[in-house]
Amino acid sequence: MLPLVALVGRPNVGKSTLFNALTRTRDALVHDQPGVTRDRHYGVARPEDQRHFAVVDTGGIAEASEGLAGATTRQARAAAEEADLILFIVDARDGANALDDDILKWLRKADKRTLLVINKIDGVSLNAVESEFAHYGFKDPITTSSAHRQGIDELMEAILENLPEEGVVDPLDTDPDRIRIAFIGRPNVGKSTLVNRLLGEERMIASEVPGTTRDSVAIDMEREGKPYRLVDTAGLRRKSKVDEAVEKFSAFKTLQAIEQCQVAVVMLDAGEGVTDQDASVLGYALDAGRALVIAVNKWDGQTEYQRQQTEDLLSRKLAFVPWAERVRISAKHGSGLLELFRAVHRAHRSATTPISTSEATKALEIAYETNPPAVVRGHVAKMRFCHPSGLNPPTFVVHGTRLKTLQESYKRYLENFFRKRFKLIGTPVQFIFKDSA
Ligand code: GDP
Ligand code: GDP
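Count the sequence shown with full-length UniProt numbering and you get residues 1 to 437, in order.
This is the structure in C-alpha cells:
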C-alpha cells in the first residue's frame, strides 16, 4: 500500500515547490505532453530502491476549491486527516506568524505524526531560524531550500523513517498466474456496474481478500478458468457500503489502486469523450509505468453515427498512448468483455515476459543496420549492446557512444522497432541510454 504524506502550511511557504521536488522523478517515463494532464495536488514520490509514497499538497486543494483561504479549510483538513504523515511547512524568511500558530493548534488536535519543515533557508542564519521555531516543540526540524533542491535528500530520509510499517506481503502478489487488475476512472463511467457484472456473471469464485490497511478490499475471481485479483477500487467498495453513492472522486485511492495492480483498466464513458479528469487518471497510470487497457464503456448507448464520431475523437485525444489497446464495452449488457480480458492478458504478458540480453542486442543490431541514426556534427551514435534491466514496464538499457546525439525521432523508432519485434502491446516501454566513456 502507498502511504500518504500531506504538505500542510499557510500560503506561500513553498508547499507546491516542495511537492514538485518530492514527486518529480528525473527519468520520468512520460514527459509532459499534450493530452496528459495531471492533478497537481496528488503525486507519487519514487525514491530509488526505497518505498514509494503518495504526496498531497493540501494548500493546492484549498486554493483550487475554496479560494485563498489557506491551509485550515475543510478540504485541506480532510486531505490531511487521510494522511499517514504530515509535513508542517513554515517559511524561514518570514518567521512564525499567527496563521502558522493556528495551523499548529489544529495539528496538535489532529494528533498525527508530524515533521516540521523550515523552508527557504537560503540566505538566512540557520541558528536564528531554528530558535525562531523552537517554541513549536518539534524535535529535529528539517531545513530545506526547496527552490534550490537543498535539504530534499534529508527530508526524503526523514519521511521514509517516519512512514508506518509496511503491511505483510501477500503471497498471492507473487503468484504469476493471478493477474492483478484495477478498474479506474472518474465517477459514473461505470466501474461498479462492470465489477458487479463480472462478479455476478458465470458464478465465478469470488472472495473478498481482507485489506492489509484501512478499508481496502480486493476480490479474487475466476473467469474462464483463469484467476484474477481485482484490487481495491471504487466499484468494489461501493458494494459493501451504503453511503458510498455519494463517494467523491479520490485521486489518492486511484493512485493506490494503480500502485497495487499489474494492469490498469482505465474506463471512459463513450458519450463523454476524454474529460480532464479522465486524462488525469491516465496520467497517473502512465507515471506509474503500468500496463494499460482503455475500456470505452456505455457503447450500447451510441448510435452508429455517434460511434464513428467517438472513435475519431478518441483517436485524437489518446494519441499520446498509441500503444494502449482500446476496447468498446457495455458493462450494462456485458458486451465486449471477452475482448477486454484478452487485451488485459496481452498487456500483462507484454509487461512481464522476460527478454534476454542476446535477444535485445540482436534487435538493436537489426534496428541499427536497417536505419542508422543521423550524423550529427560529423559524428554518429554507435550502439554496442542492449540489456533489459527490468519489467513492468519493460526497460532496456542501450550502451554505446555519442548516444546523447540521438534524436527523439530515433528513440521513437527504436521503441517502435522493439514493440513490433517483441510484440509489446499495452505497456509503456522505457529506454535508457548509457554512453560508455
Ligand atoms: P505554496 O503557496 O506554499 O505552495 O508556495 P509556493 O511553492 O508556490 O512558493 C511560494 C513562493 O516562494 C514562490 O515564489 C517560490 O518560488 C518561493 N520559494 C519556494 N521555496 C523557496 C525556497 O526554498 N527559497 C526561496 N528563496 N524561495 C522559495
Ligand atoms: P462508477 O461511478 O464508475 O462506479 O459508475 P456506475 O457503475 O455507478 O455507473 C454510473 C451510471 O452509468 C449508472 O447509472 C449505470 O447504470 C450507468 N452505466 C454503467 N455502465 C453502463 C453501460 O454500459 N451502458 C449504459 N447505457 N449505462 C451504463
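All C-beta atoms in this analysis are idealised placements derived from N, C-alpha and C, irrespective of residue type, glycine included.
Is it buried or exposed, residue i, if we count other Cβ atoms within 10 angstroms and call 16 or more buried?
i: ARG290; result: buried
i: PRO164; result: exposed
i: ALA134; result: exposed
i: GLN260; result: buried
i: LYS434; result: exposed
i: SER315; result: exposed
i: PRO394; result: buried
i: ASP100; result: buried
i: THR370; result: exposed
i: GLN50; result: exposed
i: ALA83; result: buried
i: ARG108; result: exposed
i: GLY9; result: buried
i: TYR305; result: exposed
i: ALA92; result: buried
i: SER358; result: exposed
i: ALA21; result: buried
i: PRO187; result: exposed
i: HIS41; result: buried
i: ALA128; result: exposed
i: PRO372; result: exposed
Is it the case that the Cβ atoms of residue i and residue j are separated by a distance below 8 Å?
i: VAL90; j: ALA98; result: no
i: VAL376; j: ILE432; result: no
i: GLY336; j: ASP269; result: no
i: THR178; j: VAL231; result: At residue 178 the sequence reads Arg, which differs from the Thr that was named. Their beta carbons are not under 8 Å apart, which means ARG178 does not touch VAL231 by this criterion.
i: residue 438; j: THR427; result: No answer is possible for residue 438: it lies beyond the span of the chain, which begins at 1 and ends at 437.
i: GLY283; j: LEU313; result: no
i: ARG113; j: LEU85; result: yes
i: PHE341; j: MET267; result: no
i: LYS105; j: SER145; result: no
i: GLY151; j: ILE142; result: yes
i: GLY14; j: ALA147; result: yes
i: ALA285; j: ALA264; result: yes
i: SER250; j: TRP299; result: no
i: ALA324; j: VAL344; result: no
i: TYR136; j: LEU116; result: yes
i: LEU7; j: ASP57; result: yes
i: ARG229; j: GLY334; result: no
Take residue i as the anchor and find which of the options has the nearest alpha-carbon.
i: ARG326; options: THR303, GLY334, ARG346 and LYS332; result: ARG346
i: VAL366; options: GLN302, TYR413 and ARG349; result: Sequence inspection shows Ile at residue 366; the Val mentioned does not correspond to that position. When only C-alpha atoms are compared, the closest one is TYR413.
i: PHE53; options: LEU18, VAL274, MET1 and ASP220; result: MET1
i: GLY400; options: ASN392, LEU391 and HIS387; result: HIS387
i: GLY185; options: GLY137, PRO3 and ASP276; result: ASP276
i: LYS382; options: LEU391, ALA92 and TYR368; result: TYR368
i: VAL405; options: HIS379, LEU4 and GLU415; result: The displayed chain sequence assigns Thr, not Val, to residue 405. Ranking HIS379, LEU4 and GLU415 by Cα distance to THR405 puts HIS379 first.
i: ALA80; options: THR352, PHE252, VAL13 and LEU292; result: PHE252
i: LEU155; options: GLN407, ASP111, ALA76 and VAL5; result: VAL5
i: SER280; options: VAL293, VAL296, LEU255 and ALA295; result: LEU255
i: PHE422; options: LEU364, SER436 and TYR410; result: LEU364
i: SER410; options: ALA374, ILE425 and ARG402; result: For the record, residue 410 in the displayed sequence is Tyr; it is not Ser. Out of ALA374, ILE425 and ARG402, ALA374 has the C-alpha closest to the C-alpha of TYR410.
i: ARG402; options: SER436, GLY225 and GLU408; result: SER436
i: ARG328; options: THR310, GLN309, ASN297 and GLN407; result: ASN297
i: LEU194; options: LYS332, ARG77, VAL124 and LYS317; result: LYS332
i: GLY123; options: LYS139, ALA110, ASP94 and ASP111; result: ASP94
Excluding sequence positions up to five away, which residues of its chain have a Cβ less than 6 Å from the Cβ of residue i?
i: GLY43; result: THR23 and VAL55
i: PHE385; result: THR361 and HIS399
i: VAL321; result: none
i: ALA288; result: ILE258
i: GLN302; result: ALA270
Go through its chain and collect everything with a Cβ distance to residue i's Cβ below 8 Å, but skip five positions before and after it.
i: PRO354; result: PRO388 and LEU391
i: GLU415; result: VAL429 and PHE431
i: GLN262; result: ILE179, ARG180, ILE181, ARG290, ALA291, HIS348, ALA351, THR352 and ASN392
i: GLU130; result: ILE118, PRO141 and THR143
Looking at chain D, is there any beta carbon in it that lies within less than 8 Å of the beta carbon of residue i?
i: PRO372; result: The structure shown contains no chain D; it is built from a single protein chain.
Once the 5 residues before and after residue i are set aside, which same chain residues still bring their CB inside 7 Å of it?
i: PRO227; result: ASP177, ARG178 and ASP220
i: LYS241; result: Annotation note: pLDDT 43 at LYS241 (below 50); position unreliable, coordinate value reported separately. Once the five neighbours on either side are set aside, LYS241 has no close Cβ partner at all.
i: ARG419; result: TRP323 and VAL429
i: ARG149; result: ALA21
Exercise. Considering only residues of the stretch 261 to 337, which uninterrupted beta strand (DSSP E) runs meet the minimum length of 3 residues and lie entirely inside it, listed in chain order?
Worked result: 263 to 269, 291 to 297 and 325 to 328
Problem set entry | Complete runs of the alpha helix (DSSP H) confined to the stretch 375 to 428 [at least 4 residues] | If we require 4 residues or more, the alpha helix (DSSP H) runs fully inside the stretch 375 to 428 come out as 408 to 422.
Exercise. Curious, which full-length beta strand (DSSP E) runs of at least 3 residues does the stretch 87 to 150 contain?
Worked result: 114 to 119
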